[in-house]
Amino acid sequence: MGAYIVRRLLLMIPTLLAIMLVNFAVVQIVPGGPIERILSQLDRTAVSATARVSGASGETLQGAQARPGAGASGRIYRGAQGLDPEFIAQLEKQFGFDQPVWKRFLLMMRSYLFFDFGKSYFRDATVLQLVLEKMPVSISLGLWETLLVYLISIPLGIAKAVRDGSRFDVWTSAVVVAGNAVPSFLFAILLIVLFAGGRYFAWFPLRGIVSDNWRDLSWPALALDYLRHMALPVTAMLIGSFASLTILTKNSFLEEINKQYVMTARAKGLAERRVLYGHVFRNAMLIVIAGFPAAFIGVLFTGSLLIEVIFSLDGLGLLGFEAAVNRDYQVMFGTLYMFTLLGLVLGLVSDLTYTFVDPRIDFEGREL
Numbered sequence: 005m006g007a008y009i010v011r012r013l014l015l016m017i018p019t020l021l022a023i024m025l026v027n028f029a030v031v032q033i034v035p036g037g038p039i040e041r042i043l044s045q046l047d048r049t050a051v052s053a054t055a056r057v058s059g060a061s062g063e064t065l066q067g068a069q070a071r072p073g074a075g076a077s078g079r080i081y082r083g084a085q086g087l088d089p090e091f092i093a094q095l096e097k098q099f100g101f102d103q104p105v106w107k108r109f110l111l112m113m114r115s116y117l118f119f120d121f122g123k124s125y126f127r128d129a130t131v132l133q134l135v136l137e138k139m140p141v142s143i144s145l146g147l148w149e150t151l152l153v154y155l156i157s158i159p160l161g162i163a164k165a166v167r168d169g170s171r172f173d174v175w176t177s178a179v180v181v182a183g184n185a186v187p188s189f190l191f192a193i194l195l196i197v198l199f200a201g202g203r204y205f206a207w208f209p210l211r212g213i214v215s216d217n218w219r220d221l222s223w224p225a226l227a228l229d230y231l232r233h234m235a236l237p238v239t240a241m242l243i244g245s246f247a248s249l250t251i252l253t254k255n256s257f258l259e260e261i262n263k264q265y266v267m268t269a270r271a272k273g274l275a276e277r278r279v280l281y282g283h284v285f286r287n288a289m290l291i292v293i294a295g296f297p298a299a300f301i302g303v304l305f306t307g308s309l310l311i312e313v314i315f316s317l318d319g320l321g322l323l324g325f326e327a328a329v330n331r332d333y334q335v336m337f338g339t340l341y342m343f344t345l346l347g348l349v350l351g352l353v354s355d356l357t358y359t360f361v362d363p364r365i366d367f368e369g370r371e372l
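Laid out in structure tokens, this is it:
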């Protein structure tokens with residue numbers, strides 16, 4: 005097992021490097037950037053000021069706009085009307101865009117090797133500070149949803165497999181499909197209207213992860229306040245999340261139930277419960293466990309964006325979205341590096357979990 009772990013850890017290096025390289029190249033192709041954003045803000049400010057002046061003097065805005073400018077590197081910026089080229093060159097140097105693309109990538113990866121992710125372009129904080137600040141919200145959502153999805157889907161999938169084709173299997177399938185068809189953000193809006201003071205009841209708070217006066221609350225009151233804030237967001241995320249895992253669990257159990265060793269165990273007179281949970285469960289759960297890291301990473305970093313916006317939860321999903329909109333490359337690439345590395349490590353943990361569930365599995369002789 006030790007040799008397999010070492011091989012997987014070594015394989016993470018080129019994988020992580022390739023992911024960062026592809027995303028870095030895509031960002032270079034996409035138009036816009038932090039300098040363009042600053043120049044466009046300056047241009048809007050100048051246009052507003054010119055509009056006020058021209059309103060008094062009768063001049064037109066077209067005559068007030070100057071010729072496009074170019075930076076020291078020769079790159080033309082659409083928003084650089086009438087700006088001093090030296091000012092643009094200073095901006096390029098400040099953001100590091102005076103260096104060639106390949107050199108910027110190498111410098112970035114060298115810093116990331118020592119977990120130095122730099123400082124946000126547009127926020128007065130480092131990338132690591134921003135991630136640590138937003139992490140509790142996303143971890144809360146991710147852990148609660150993942151835990152509840154597994155607690156609901158696995159027993160439900162087993163029950164459907166045991167009662168395959170029965171009325172219970174049919175109506176639960178209809179409920180699962182209907183829940184999967186409803187977008188989580190639409191269900192979140194419905195929950196707000198019904199239970200968060202939107203129109204009918206005001207049983208749950210609408211904003212944040214805790215109340216503003218949480219420092220004044222006792223521990224039991226704080227725990228209750230936290231659960232009340234988490235109830236609606238987690239429920240909204242949960243509604244469409246357990247469908248695939250339920251069907252996966254059911255199909256895995258059906259496949260194992262029809263195998264010869266199950267028939268042999270039943271022929272020996274073993275109780276049905278022992279057959280299901282002593283023999284079938286261990287084999288059927290392998291494929292379910294394999295999907296846990298990917299499910300958790302997806303919920304933690306990408307699946308909660310709209311939920312965070314609707315319920316005013318300042319988490320990692322909202323941070324990544326704002327970084328992409330504002331072209332905050334430091335936050336974009338820093339969080340991408342951390343989350344990709346975490347995903348690769350959890351993938352290794354998932355493989356090691358196989359051996360815990362079924363000790364017969366041996367990764368030592370497996371070719372990567």
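Per my numbering, the sequence shown starts with residue 5, numbered consecutively. Backbone N, C-alpha and C fix where the C-beta goes; we use that ideal spot for every residue, glycine too. What you are looking at is a predicted structure, and each value in this text was computed from that prediction instead of being measured.
| Check | Outcome |
| --- | --- |
| D332, buried or exposed, once every other Cβ within 10 Å from all chains shown has been counted against 16 | buried |
| Rounded separation between Y116 and Q103 - CA only | 18 Å |
| C-beta contact flag for Y204 and L195 at 8 Å | no |
| Helix, strand or coil at A227 according to DSSP, with G and I counted as helix | helix |
| Close Cβ partners of L132 (< 8 Å) along its chain, the five nearest in sequence each way excluded | F119, F121, G338 |
| Other residues of its chain near V186: CB distance less than 8 Å, five sequence neighbours each side excluded | I243, G244 |
| Own chain, CB closer than 8 Å to G111, minus 5 neighbours either side, in chain order | According to the sequence provided, residue 111 is Leu. The question's Gly does not apply to it. For L111, where only same-chain residues beyond five positions count, the Cβ hits under 8 Å are G100, Q103. |
| Other residues of its chain near L25: CB distance less than 8 Å, five sequence neighbours each side excluded | F109 |
| Between the CA atoms of W207 and P224 - distance to the nearest angstrom | 18 Å |
| Burial state of A227, where buried means 16 or more other Cβ atoms lie within 10 Å | exposed |
| Cβ pair count under 8 Å reaching 3, the region 277-290 against the region 254-266 | yes |
| Segments assigned alpha helix (DSSP H), at least 4 residues, entirely inside the region 179-248 | 188-199, 223-242 |
| Pair within 8 Å by beta-carbon distance, L352 and R12 | yes |
| T19 - containing alpha helix (DSSP H), residue span | 6-33 |
| Span of the alpha helix (DSSP H) around S144 | 131-166 |
| Nearest-angstrom Cβ-Cβ length linking K138 and L320, presumed shorter than 8 Å | 5 Å |
| Cα-Cα separation between F343 and D216, rounded to whole angstroms | 30 Å |
| Given L151 as reference, the closest of L340, A271, V238 once Cα atoms are compared | V238 |
| V10, buried or exposed, once every other Cβ within 10 Å from all chains shown has been counted against 16 | exposed |
| Alpha carbon of V31 to alpha carbon of P38, nearest angstrom | 12 Å |
| Reference P35; option with closest CA among N330, Y358, M234, Y341 | N330 |
| Segment limits, alpha helix (DSSP H) that includes R127 | R127 -> no alpha helix (DSSP H), and no H or E assigned at all. |
| Contacts around A200, its chain only, beta-carbon distance under 8 Å, and the 5 residues preceding and following it disregarded | A206, W207, F208, P209, L210, L236 |
| Through-space distance from D355 to L20, alpha-carbon basis | 18 Å |
| Member of L322, I314, A271, I158 whose CA lies at the smallest distance from the CA of T253 | I158 |
| Beta-carbon separation (whole angstroms), L134 vs V292, contact threshold 8 Å | About 34 Å; that fails the 8 Å criterion. |
| Best match in R277, Y341, Y230, A178 for proximity to L145 [C-alpha to C-alpha] | Y230 |
| Rounded straight-line distance, which links the Cα of A240 to that of V279 | 36 Å |
| DSSP-derived helix/strand/coil call for F121 | coil |
| Reference I42; option with closest CA among L322, A22, I193, Y125 | Y125 |
| Where the alpha helix (DSSP H) through G410 begins and ends | One cannot answer for residue 410 here, as it falls past the ends of the chain, which runs 5 to 372. |
| Contact set for E149: own chain, Cβ-Cβ below 7 Å, skip 5 residues either direction | V238, M241, L242, S245, V303 |
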